[in-house]
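Step one of this worksheet: look at the structure below.
Number of protein chains: 2
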Amino acid sequence: MVTLAEVARHAGVSASTVSYVLSGKRPISDPTRRRVRASIERLGYQPHAGARALASSRSRIIALMVPLRTDMYVPVMLEIAVAVATAARAHGYDVLLLTGEEGPSALRRVTGSGLAEAVILMDVQLDDERLPVLRAAGPPAVLVGLPADPAGLNCVDLDFTAAGALCVEHLAGLGHREIAVIGEAPGVYARHTGFAERTLRGLRDRAAESGVRLLHRPCEGGHDAVAGVLARIFDERPGVSAFVVQNETAIEPLLSLLRRTGRAVPEDVSVVAVCADQIAAQASVPLTSVAIPAQELGRRAVDRLVAGLTRPDAEDTAGVELLTPALTVRDSSGPPPPPARPGSPRSAAPPHGARAGSRPPGS
Amino acid sequence: MVTLAEVARHAGVSASTVSYVLSGKRPISDPTRRRVRASIERLGYQPHAGARALASSRSRIIALMVPLRTDMYVPVMLEIAVAVATAARAHGYDVLLLTGEEGPSALRRVTGSGLAEAVILMDVQLDDERLPVLRAAGPPAVLVGLPADPAGLNCVDLDFTAAGALCVEHLAGLGHREIAVIGEAPGVYARHTGFAERTLRGLRDRAAESGVRLLHRPCEGGHDAVAGVLARIFDERPGVSAFVVQNETAIEPLLSLLRRTGRAVPEDVSVVAVCADQIAAQASVPLTSVAIPAQELGRRAVDRLVAGLTRPDAEDTAGVELLTPALTVRDSSGPPPPPARPGSPRSAAPPHGARAGSRPPGS
DNA sequence: CTGAAAGCGCTAACAG
DNA sequence: CTGTTAGCGCTTTCAG
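From first to last, the protein sequence lines are chains A and B.
According to UniProt numbering, the first sequence is numbered sequentially starting from 1.
According to UniProt numbering, the second sequence is numbered sequentially starting from 1.
Given below as C-alpha cells:
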C-alpha cells in the first residue's frame, strides 16, 4: 500500500506538506503542489480511511437507517436511500446502511465508535424509540419524517397535512361532497407512523372546512383486502363519489375493482393518490396525485446534515422543514356524476362479484 | 471519549489484555476477563472503528453497490440490500452503500482507501465495466448476477434460465402451445442485463423442446405501453393462450387489459410471472409465479464473501452459485380454452375502446 | 511557505 | 496467562 510518507519522499517534501496539499488547509506554493500532485498520481496514492478517521476524528461517513419492514412506500424508500448516497458523495461523505432492526443500539454503536459522524433516520414514528438517543447530546441527526415532538430535532418531510388538504381541496373544488380515504395498512397507523396520521388530519380538517363528508378506512395491500374495504365503503356511504388513496399496493386493485363494478374513472368516481409520481403516472388510469418527493427529501436531509456538520454553531441548520406538496392533475379526477335517481343505470350496477363483471355502460 | 487505555487502567490490567478480552485471540483468566468486562460496561467503552481499522487493516465494512437507475425490480433491490445489511451484521460487518453512478472508480476508492474490505455488486451486466477492477487482483467481491464471463469471479444469482424453462414447462404441461413473453423494458435488454437474457434463453430452449411457439416482446412499464404490446401480440399471434411476464410494472396493466378485452384469467388465458412473491400474491389475480428469492440472494452473497474473507485460501468459496427457482401455482394458470369456433361467445366479446385495439378472432 | 514531531486508539508481535 | 512496546497512516500543532 502506498502511504503518504512514500508520496512525500517521492516528491521530496515532508509528510505534512502532502497532507496540506490534500486538505488545502494551508497555502502551498504552486510548484510544490504540482510535484506532490504528480507523485500522488504517479504512485496511485490513496489516503487510508481509518488512519484519517483516527487522526482527525472525522470519518466522513453518514449512517442511514432504513426500515426493515417493507410494507409501504418501498420504491420511495429506495429512492430516498439512493438520493442520500448521491448527495452525500457530492459532499465527500459515504453512507453506511443500517436496518431498523437493530434500533437505537445501532445508532449508539456506529456513532460511539466513530464509524459514522452523523445519522439520517427514515420511517420515523410519532414516538420513535430512537429519539432519546438523539436528544441526549446524541450525534448530529436528521429525521426524514416528523415525530410527535420534534423539539430540538432536525427534521425534513413532506407536509403531509397540506398534502391531505390539497387532495380534499381539489376534489371539493370539482364538486365532490362525499369522499372516502383508503389508507395504509392498519399496522402503519397502529405504530403511529407520522405521515399517515398527518395526512389524515389534513384530509379531515379540510373536509370539515369545505363541508365535505369524509370516511377513512385503513387497508391492507392486495386485491382481496381492497375489495373488502371497498364493499364496506359503498355500503356505508353509497354517496361516495371520490377516493383518496394513500397506499401504493391498493391503487391498482382499487382501479380494477371500480372498473369491474361498473364505475368509470373519472366519470363516475374520482381517484386522487398520495404516492410516488412514477406510480401515479403509470397506473392503469393515470392518477391525479400528490407526489412524494423522494429525491428532494434525501437531498435536503443530507444538505442539512452537512450544513450542521460544517458549522455546528449555526442555528438555522436545525428545526423542522416541511416541503410543500404539489398536486398533479392527471386523468383520474373530474366532477362528480349527476345525482343518481331511482331506476338510473348506476344504481343497477352489479354488486361486484362476477369476476370479469358485465361491462360498464360507457358513461 | 473512553479509550482502551482508560479501560485498562480502570481494570488494573494492560491495554493488550483488554484488547484480547475483546478479540478473544488469546486465553484470558476468568477473573481478569470479568473485571475487564465490568470496566468496559461501567465506562461505556466503545472501540474506535478507525483506530481498529488502522491497526488491523481490517475495516469490517462491506461495500454494496446498488443500481442508480430504478427501472426494474425495485422492491427486490431494496429487499436484497436490506438482507445484505442484516446478514453482514450477523457476521460483525457493516455495509457501505454505493450507487452505481460512480461506477468502477467508486470500487477503487472505497477499496483502495481501506474503507471497505470487500464488495457486493448488484445489477450486474453481461459485460460489466466494473469487472476489470475485480479481476485484476481486486478486492474480494461477490456479484449478485451473472456476467457473460464469470471466470475467476464469485457470483450468486437465481438460475433464470431454469426459471424461464420452468414457466414454459408449467404452461406446456397444461396444454398451451403458443406463449407470449412480456419482458423488461427495451433498455434492460439493450444494456445486456444478464438475468433478462438468461430468462429468455430458458424460455426459448424449453419452448423449442416442447414444441411450443414463443413470442417475446420487451415492454416499457405502464398501462399504455402494455396496451400497445398486447395489441401487437394478439395481432401477430391470435392463437396465444398464455403469457409469461417478467416486468413488474407490466403485471397489473396486463391483467387489467385482459379483463377489459373480455379474456378471463385463467379460463381464457394463463399468466405466469417472474417476480417477487409478494407482488405475485397480491396481484388482482393471484399469479402463478417463479419467485425472485431476494433475501436468499442477499444472504448468500454475504455468506460467501465472509467465507472468503475468513479463509482466503479455501477454493470452494469462489465460483458461480445459481439458486434453483421454484414455481408457485396460484390462480392465474390453467389449461387453455378449447379451440374457439366461429360464432362462439368469446369472439363476440365487445371490442371495448380503441385502446386495446380491435379484438382478434379467437384462436 | 515548509518541516519536524507528537499523537489519534488500537493490534500484535515479542517477552516473560 | 499477562505486560511492554512498536507501529498502523494520517493530521495538526509548534517551529522556522
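For glycine and all other residues, C-beta sits at the position ideal for the given N, C-alpha and C.
Is residue i close to chain A, meaning its C-beta is less than 9 Å from at least one C-beta of that chain?
i	result
P361(B)	Any reading at P361(B) needs caution, since the residue's pLDDT is 39, under 50, leaving its predicted position unreliable; the model's value is listed next. So, not an interface residue.
V95(B)	yes
S256(B)	yes
P150(B)	no
S333(B)	no
E184(B)	no
M77(B)	yes
S113(B)	yes
A273(B)	no
P47(B)	yes
P139(B)	no
L121(B)	no
Please determine, among the options, the residue with the shortest C-alpha to C-alpha distance to residue i.
i	options	result
E296(A)	I80(A), D94(A), R69(A), V13(A)	I80(A)
G164(B)	V272(B), A231(B), G145(B)	V272(B)
P140(A)	E129(A), A307(A), M122(A)	A307(A)
R109(B)	A5(B), A55(B), A137(B), A63(B)	A63(B)
L121(A)	G262(A), A301(A), K25(A)	A301(A)
E41(B)	M72(B), V7(B), P338(B)	V7(B)
S57(B)	A49(A), S59(A), E220(A), E267(A)	A49(A)
Y189(A)	C219(A), V13(A), G211(A)	C219(A)
I61(B)	L115(B), L322(B), A5(B)	L115(B)
V142(B)	D149(B), L153(B), A148(B), P132(B)	L153(B)
G211(B)	P186(B), V245(B), L171(B)	L171(B)
R299(B)	V156(B), S14(B), V320(B), D277(B)	V156(B)
L287(B)	A242(B), V119(B), D331(B)	D331(B)
A151(A)	E321(A), V240(A), V13(A)	E321(A)
Rounded to whole angstroms, how far is the Cβ of residue i from the Cβ of residue j, which I believe are closer than 8 Å?
i	j	result
C167(B)	V274(B)	7 Å
residue 378(A)	A196(A)	Nothing in the structure corresponds to residue 378(A), since chain A is present only between 1 and 363.
T161(A)	R135(A)	In fact, because the Cβ distance is near 24 Å, the residues do not count as touching under 8 Å.
R69(A)	Q125(A)	So it is not a contact: roughly 12 Å between Cβ atoms.
I179(A)	A250(A)	Rounded, the Cβ-Cβ distance is 15 Å, inconsistent with contact.
V269(A)	L258(A)	6 Å
L174(A)	P335(A)	5 Å
A294(B)	A83(B)	6 Å
residue 426(B)	R213(B)	The question about residue 426(B) has no answer here: the residues shown for chain B are numbered 1 through 363.
T99(A)	T86(B)	6 Å
residue 446(B)	Q282(A)	Residue 446(B) lies beyond the range of chain B shown here (1 to 363); nothing can be said about it.
L43(A)	S19(A)	L43(A) to S19(A), Cβ: 15 Å. No contact.
V78(A)	L78(B)	According to the sequence as given, residue 78(A) is Leu; it is not Val. At roughly 5 Å, the Cβ-Cβ gap stays under 8 Å, so L78(A) and L78(B) are in contact.
How would you label residue i, buried or exposed, when you count the other beta carbons within 10 angstroms and need 16 or more for buried?
i	result
D159(B)	buried
T17(B)	buried
A55(B)	exposed
R311(B)	exposed
S23(B)	exposed
S39(A)	buried
P253(A)	buried
M65(B)	buried
T324(B)	exposed
R202(A)	It should be noted that the sequence gives Gly, not Arg, for residue 202(A). That one is buried.
A11(B)	buried
E236(B)	exposed
G262(B)	buried
G112(A)	buried
M1(A)	exposed
A106(A)	buried
Can you find a CB in chain B that lies within less than 9 Å of the CB of residue i?
i	result
I61(A)	yes
S347(A)	Because the pLDDT of S347(A) is 42, which lies under 50, any placement of that residue in the model is unreliable, and the number read from its coordinates should be weighed accordingly. So no, S347(A) is outside the interface.
H352(A)	Note that H352(A) scores 40 on pLDDT, short of 50, meaning its location in the model is unreliable; the coordinates nonetheless yield the value given after this. So no, H352(A) is outside the interface.
S284(A)	yes
P104(A)	no
E6(A)	no
A291(A)	no
V74(A)	yes
G50(A)	yes
R355(A)	With a pLDDT of only 35 at R355(A), under the threshold of 50, the placement of this residue in the model should not be trusted; the figure read from the coordinates follows. True, the Cβ-Cβ gap to chain B drops below 9 Å.
M1(A)	yes
T249(A)	yes
T99(A)	yes
T86(A)	yes
Can at least three beta-carbon pairs, one atom from the region 220-228 of chain B and one from the region 237-252 of chain B, be found at a separation below 8 Å?
Per the Cβ contact rule, the region 220-228 of chain B is in contact with the region 237-252 of chain B (3 or more Cβ pairs under 8 Å).
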